[in-house]
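Engineer: Dumping the structure here so I can ask a few things about it.
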Amino acid sequence: MLQDLPLNIGHRGFKAQWPENSLAAFTAAVEAGAHALETDVHLTRDGVVVLSHDPSLERCFGVKKRVSECEWAEVAGLRTLQSPHERMMRLSDLLDYINQTDVWILLDIKVDDDAESLIAALTKTISSTPCLRGEWSTRITLGVWLDAYIPLCKTYMPSFPVALITFDLVYARELSATHKHLQFNMRQAVMMQPAGRRFLRDCRLNGRTVYVWTVNSPGLMGWCIRHGVSGVITDDPALYRSVCEGWDGRGLPVELREWLRICLVTWFVLCFGFLFKRRRAILENRAFNR
0 MLQDLPLNIG HRGFKAQWPE NSLAAFTAAV EAGAHALETD VHLTRDGVVV LSHDPSLERC
60 FGVKKRVSEC EWAEVAGLRT LQSPHERMMR LSDLLDYINQ TDVWILLDIK VDDDAESLIA
120 ALTKTISSTP CLRGEWSTRI TLGVWLDAYI PLCKTYMPSF PVALITFDLV YARELSATHK
180 HLQFNMRQAV MMQPAGRRFL RDCRLNGRTV YVWTVNSPGL MGWCIRHGVS GVITDDPALY
240 RSVCEGWDGR GLPVELREWL RICLVTWFVL CFGFLFKRRR AILENRAFNR
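Per the working numbering, the very first residue in the sequence shown carries number 0; after that it's consecutive.
Structure follows, in structure tokens:
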């Protein structure tokens, strides 16, 4: 039964209980039953690929500097503000850990760094670490926010799957038409709208992969199972595993407060989506013209 349900993907590891993007968080996620680990990548000043959601070190490490301003030696000794005060990880560290497991990695390639420099560094890091179980191209999915990154991924890592990360259904449909093998990593709130459900239905009919983020309540996890998404990205992989183990074909209903939050996100996207599109256009132009 469990193998027929959406994959369990730990968002920055087991973020609900451990410092995000840390070895402790990744280890706990795997022990909780995660099939995959979602993580974010940035580039240090000296070209080391590190795992950090934010471009700044302040929120997680208490240092008011950007990752790109620091060399690896400067950040290697930092500890997370959150207990148990974990070190920052490099992508190479995560690959070493993944080599001891059967899980795979869903990367979130951030747009704060130079696109080609980051993807070239990703390629170098991955190619310099032997994969002990299969091939890295079957164990790493490259998540991108912009169309401009897709040809770079295909140039540097042509055999690796690529997933578009977005909450813009129009953009997702546009790229689905031009990139036949593109996967999708979508914000759950937009997928629960009628247009989102239609997009999910079309993806399923065409064999397209759709991951959904970030899903942290039993009711929303049940929605994902009922609608047949490919994978559930969650801060709490133990909770999602328990939902899967108790799945009876119906699950718990989505709570009213969750629907209100979804409505709020929908309203926000409708009202301010043009700002995101404007920023995306600027970033696309910058990436295409480098």
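Ideal Cβ positions, reconstructed from N, Cα and C, are used throughout, including at glycine.
Answer yes or no: do Ala194 and Ile261 have a C-beta to C-beta separation smaller than 8 angstroms?
Structural biologist: No, Cβ-Cβ distance for Ala194 and Ile261 is not below 8 angstroms.
Engineer: Take Trp266 as the anchor and find which of Asp167, Val228, Gly46 and Cys223 has the nearest alpha-carbon.
Structural biologist: Of the candidates Asp167, Val228, Gly46 and Cys223, the one whose C-alpha sits nearest the C-alpha of Trp266 is Asp167.
Engineer: Does the distance from the C-beta atom of Val161 to that of Ile8 stay below 8 angstroms?
Structural biologist: Result no, Cβ atoms of Val161 and Ile8 do not sit closer than 8 angstroms.
Engineer: Tell me, please, which residues DSSP counts as bridged to Ile149.
Structural biologist: In the DSSP output, where bridge partners are listed per residue, Ile149 has none listed.
Engineer: Note down, in chain order, each residue of its chain lying with its Cβ closer than 6 angstroms to the Cβ of Thr208, except the 5 sequence neighbours on either side.
Structural biologist: Correct list, in chain order: Gln182 and Ser229.
Engineer: Hey, quick one: how far does the beta strand (DSSP E) through Trp135 stretch, first residue to last?
Structural biologist: Per DSSP, Trp135 belongs to no beta strand (DSSP E) and is neither H nor E.
Engineer: Please specify which runs of the beta strand (DSSP E), each continuous and at least 3 residues long, are wholly inside the stretch 92–132, giving them in chain order.
Structural biologist: Counting only runs of 3 or more, we get 103–108.
Engineer: Report the CB separation of Leu105 from Gly142 in whole angstroms; it is logged as a contact under 8 angstroms.
Structural biologist: Yes, they are in contact, since the Cβ atoms of Leu105 and Gly142 sit about 6 angstroms apart, within 8 angstroms.
Engineer: Opposite Met185 in the DSSP bridges: which residues?
Structural biologist: For Met185, which the question treats as bridged, DSSP gives the partners Thr165 and Val211.
Engineer: How would you write the range of the beta strand (DSSP E) that Phe9 sits in, first residue to last?
Structural biologist: It is Gly, not Phe, that sits at residue 9 in the sequence shown. Counting along the chain, the beta strand (DSSP E) containing Gly9 begins and ends at Leu6 to His10.
Engineer: If you reduce the DSSP assignment to three classes, tell me which class Glu85 lands in.
Structural biologist: DSSP places Glu85 in coil when its eight states are reduced to three.
Engineer: To the nearest whole angstrom, what separates the beta carbons of Lys109 and His41, a pair I think is in contact under 8 angstroms?
Structural biologist: The pair is a contact, with the Cβ atoms about 6 angstroms apart (cut-off 8 angstroms).
Engineer: Check whether the stretch 11–25 and the stretch 79–92 are in contact - that is, three or more C-beta pairs closer than 8 angstroms.
Structural biologist: With the cut-off at 8 angstroms, the stretch 11–25 and the stretch 79–92 touch.
Engineer: Do Ala237 and Ala31 have their CB atoms nearer than 8 angstroms?
Structural biologist: Yes, Cβ-Cβ distance for Ala237 and Ala31 is below 8 angstroms.
Engineer: Thinking just about the alpha-carbon of each residue, which of Met156, Trp258, Met220 and Arg58 is nearest to the one in Asp247?
Structural biologist: With distances taken between Cα atoms, Asp247 lies closest to Met220.
Engineer: Taking 7 angstroms as the limit between beta carbons, can you name the residues of its chain near Ala147, skipping five residues before and five after?
Structural biologist: Around Ala147: Ala114, Glu283, Ala286 and Phe287.
Engineer: Among the candidates His10, Cys243, Asn215 and Lys276, whose CA atom is the shortest distance from the CA of Val253?
Structural biologist: Closest option to Val253, Cα to Cα, is Asn215.
Engineer: Helix or strand or just coil, what does DSSP make of Met0?
Structural biologist: Because Met0 sits at a pLDDT of 49, beneath the cut-off of 50, its placement in the model cannot be relied upon, and the following sentence gives the value as read from the coordinates. In the structure shown, Met0 sits in coil (DSSP, three-state: anything other than H, G, I, E or B).
Engineer: Expressed to the nearest angstrom, what Euclidean distance is found between the alpha-carbon atoms of Cys59 and Cys69?
Structural biologist: Cα-Cα distance, rounded: 15 angstroms.
Engineer: Let me check understanding here. Comparing Cα to Cα, which of Val211, Gly227 and Gly218 lies closest to Trp258?
Structural biologist: Comparing Cα positions, the closest option is Gly218.
Engineer: According to DSSP, is Thr177 part of a helix, a strand, or is it coil?
Structural biologist: Reduced to three states, the DSSP call for Thr177 is helix.
Engineer: How far does the alpha helix (DSSP H) with Asp201 in it reach, from first residue to last?
Structural biologist: Here the alpha helix (DSSP H) through Asp201 covers Pro193 to Leu204.
Engineer: May I ask you to list the residues that DSSP assigns as paired with Leu36?
Structural biologist: Paired residues: Gly9 and Ile104.
Engineer: So Ile118 packs on Ile139, CB below 8 angstroms; how close in whole Å?
Structural biologist: Contact flag wrong, Cβ pair sits at about 13 angstroms.
Engineer: Along the chain, where does the alpha helix (DSSP H) containing Gly218 start, and where does it finish?
Structural biologist: Unbroken alpha helix (DSSP H) run through Gly218: Pro217 to Arg225.
Engineer: Please say whether Asn98 and Leu151 have beta carbons closer to each other than 8 angstroms?
Structural biologist: Not closer than 8 angstroms, so no.
Engineer: Looking only at C-alpha atoms, which of Val62, Tyr170 and Ser67 sits nearest to Phe275?
Structural biologist: Of Val62, Tyr170 and Ser67, the residue nearest in Cα terms is Tyr170.
Engineer: Taking the Cβ atom as the reference point for each residue, do Arg11 and Thr38 lie within a distance shorter than 8 angstroms?
Structural biologist: Cβ atoms of Arg11 and Thr38: closer than 8 angstroms.
Engineer: Taking C-beta to C-beta, are Leu50 and Leu80 nearer than 8 angstroms?
Structural biologist: Not a contact, by the Cβ cut-off of 8 angstroms.
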